[in-house]
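Trainee: Its first residue numbered 1, the sequence shown is counted upward by one per residue in the numbering used here.
Positions of the beta carbon are idealized from the N, C-alpha and C atoms, including for glycine.
Every value quoted in this text rests on a predicted model; they were computed, and no experiment measured them.
Here's a structure for you.
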Amino acid sequence: QVTMAVARVDARQRAIKDFMFQSQLPFHVEYETGFAQDGSPLRTLTQKSVTDLQTKVRMLMVSMNREAPGVTEVAGLLAWPFYELTDGGREIAKTLSASLKIDFRVVGQHKEMLKDPRQERLAALRRKRSSKEDPASQDADGTEKSLVPSAQSPEDEMGQLAFMSFAAAAKVVDRSRMVAIVEHPATLRSPDGAITSQFCGGKIELVGTIDEPQSAPRNASSPEDSQSSPLQRFQLPVSTLDAHAMLLRDIQRRDEGLLHVFSSPNPVHRREAIELRNGLLRMLSPQIPQWVTNKIVDGGGVLVGASENGGLINIAARLAEHSNIGLEKLEQAVDYSMCGLTDVLIGHNMPNPQLIVPQGVLASSIMAACGTHRMEYLPRVSVAQAILIHPDYWSYSRRKSIEDSLSRQRWYQSGARRTFVRPHAMRKDNPNEAAVSNFKVTPIVMRY
């Protein structure tokens, strides 16, 4: 899919103020395979796919100019499947940048494009000097260690962008105070193995940044904040399917030989739901890592999550009847609205009725184990939202880095002023113009 997001962004704090326009269009992908002159395999996109991509981007640009006029900066990112091509998608990015006049980059490669040749020459001189003074600056094979940070792999950067898309959709200013719930898909099979389906019911992970939340406000111009902080993950020991099996096997005492994912526990008694909630809470509370508690309880952070229709967070939001899910409201909805209903009554408004009670109980147990009474459901998340707050795509971070480097120069710190005589001051047709004028030396910043 080709997605677009337009928003008002606080460039200094790198946070979304409000979204102005969002849209997406389907993208048709076709590959061409072959062999190069040296015999290596080639994999590229067909001209039909490239033309389709250009057409979809133009359609979104027309919609953007109509719905949100006055946009100051536009940037584009090529994600999967472009970085899996033979050339890494570089040629397609150049073609799109030249035809659409938009700065397109490819996941995992844009930092190489941003390298300044002067910085690389200075880094080479530092490596040469350090290799003479300190032999430890060389690798085991005698090659010099690079002092220029290399670009992230496409998979690592996609993980960073996914986490930043949660922060952008939730309008979070300090990402160190946010913990995201990520639910992976699972495959469902009938007992005879004939029916298969995909839905968000697999393993559940808690994702957050490594840096701890600080009490002081974040300085957006600090060098450490110019790059995305590494992420840490924790996989919960229980999933939706595990909670479903626990309700059937341990609480309702069903015959294990007849249990499968399509077995329905409905109608569920309220006492059984409370017993399932207590059992899940005893299982989750001792295993929640300390960094989650530091971010949510001590740091006053927020727990956010997004899932497809029928996923854990989606069902929790539908039960609580609000995107800002409250723990008490969710527990009351499960205990007093879902308990006692059959599959026919639940399935009238919910998908997979046999999983609704386990999903609601599991969501409330996760919230209680993390020590929060609120969880934010994000109904719409895309990588385009992450680009809006990514520091490497906009001119503000580069302008700040240039200003910070100039501020360390003596001639810039002194605020020296120059005085010159206006040549036209002596003209009779301009008698009111000042004879002299002062100006302060300021840098000229260009986007490259």
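(1) Going along the chain, which residues of its own chain have a beta-carbon closer than 8 Å to the beta-carbon of residue 6, five neighbours each way excluded?
(2) Assign residue 394 to buried or exposed, taking buried as 16 or more other Cβ atoms, counted over all protein chains shown, within 10 Å of its Cβ.
(3) DSSP three-state label for residue 348, please.
(4) Between residue 144 and residue 408, what straight-line distance do the alpha-carbon atoms span, to the nearest angstrom?
(5) From the DSSP output, in three-state form, read off residue 360 for me.
(6) Looking only at C-alpha atoms, which of 80, 102, 62 and 15 sits nearest to residue 73?
(7) For the alpha helix (DSSP H) holding residue 159, just list the boundary residues, first then last.
(8) Does the stretch 156-170 come close enough to the stretch 314-326 to have 3 or more Cβ pairs within less than 8 Å?
(9) As a quick exercise: from 38, 355 and 29, pick the residue whose alpha carbon is nearest that of residue 56.
(10) For residue 52, report the span of its beta strand (DSSP E) as first-last.
(11) Below 8 Å, how does it come out for the stretch 272-282 and the stretch 357-371: are there three or more Cβ pairs, yes or no?
(12) Residue 22 lies in the beta strand (DSSP E); which residues open and close that run?
(13) Within the continuous beta strand (DSSP E) that includes residue 375, where are the two ends?
(14) Where residue 379 and residue 48 are concerned, what is the direct C-alpha to C-alpha distance, given to the nearest angstrom?
(15) Please go through the same chain and pick out, in chain order, the residues whose beta-carbon is closer than 6 Å to the beta-carbon of residue 3, but skip the five residues on each side of it.
(16) Output the distance between the C-alpha atoms of residue 339 and residue 15, rounded to the nearest integer angstrom.
(17) Using 9 Å as the threshold, is the C-beta distance between residue 45 and residue 34 below it?
(18) Hey, quick one: how far does the alpha helix (DSSP H) through residue 283 stretch, first residue to last?
(19) In terms of residue numbering, what span does the beta strand (DSSP E) encompassing residue 528 cover?
(20) Under the rule that 16 or more other beta-carbon atoms within 10 Å means buried, what is residue 112, buried or exposed?
(21) If you follow the alpha helix (DSSP H) that residue 5 is in, where does it begin and where does it stop?
(22) Below 8 Å on the Cβ atoms is my contact criterion, and I expect residue 180 with residue 202 to pass it. Report the Cβ-Cβ distance as a whole number of Å.
Mentor: Let me lay it out:
(1) Only 19, 20, 21, 22, 64, 67, 68 and 71 meet the Cβ criterion.
(2) Taking every protein chain shown into account, the CB of residue 394 has 16 or more other CB atoms within 10 angstroms, so this residue is buried.
(3) When DSSP states are grouped into helix, strand and coil, residue 348 belongs to the coil group.
(4) Bear in mind that a pLDDT of 39 at residue 144, under 50, signals an unreliable position, so the number given afterwards is only what the model happens to contain. Approximately 29 Å, taken between the alpha carbons.
(5) Helix.
(6) Out of 80, 102, 62 and 15, 102 has the C-alpha closest to the C-alpha of residue 73.
(7) 154-170 is the extent of the alpha helix (DSSP H) around residue 159.
(8) No, the stretch 156-170 does not touch the stretch 314-326.
(9) For residue 56, the nearest C-alpha among the options comes from 29.
(10) Where residue 52 is concerned, there is no enclosing beta strand (DSSP E), although the alpha helix (DSSP H) it sits in stretches over 47-67.
(11) Using a Cβ-Cβ distance cut-off of 8 Å, the stretch 272-282 and the stretch 357-371 are in contact, since at least three pairs of beta carbons, one from each stretch, lie closer than that value.
(12) Looking at the DSSP string, the run of the beta strand (DSSP E) that includes residue 22 is 15-25.
(13) Boundaries of the beta strand (DSSP E) harbouring residue 375: 374-377, taken from the DSSP string.
(14) Linking residue 379 to residue 48 through their CA atoms gives a straight-line distance of about 32 Å.
(15) Contacts found: 24, 382 and 384.
(16) Computed Cα separation, rounded: 41 Å.
(17) Result no, Cβ atoms of residue 45 and residue 34 do not sit closer than 9 Å.
(18) Per DSSP, residue 283 is one residue of the alpha helix (DSSP H) stretching across 270-284.
(19) Because the chain is modelled from 1 through 448, residue 528 falls outside the range shown and cannot be assessed.
(20) Unreliable positioning characterises residue 112 in this predicted model, as indicated by a pLDDT of 45, which lies under 50. The coordinate reading is nonetheless provided below. Exposure of residue 112 is indicated by the presence of fewer than 16 other C-beta atoms within 10 angstroms of its C-beta.
(21) DSSP places residue 5 outside any alpha helix (DSSP H); the residue lies instead in the beta strand (DSSP E), whose first and last residues are 2-10.
(22) Actually they do not touch by this definition, with Cβ atoms about 16 Å apart.
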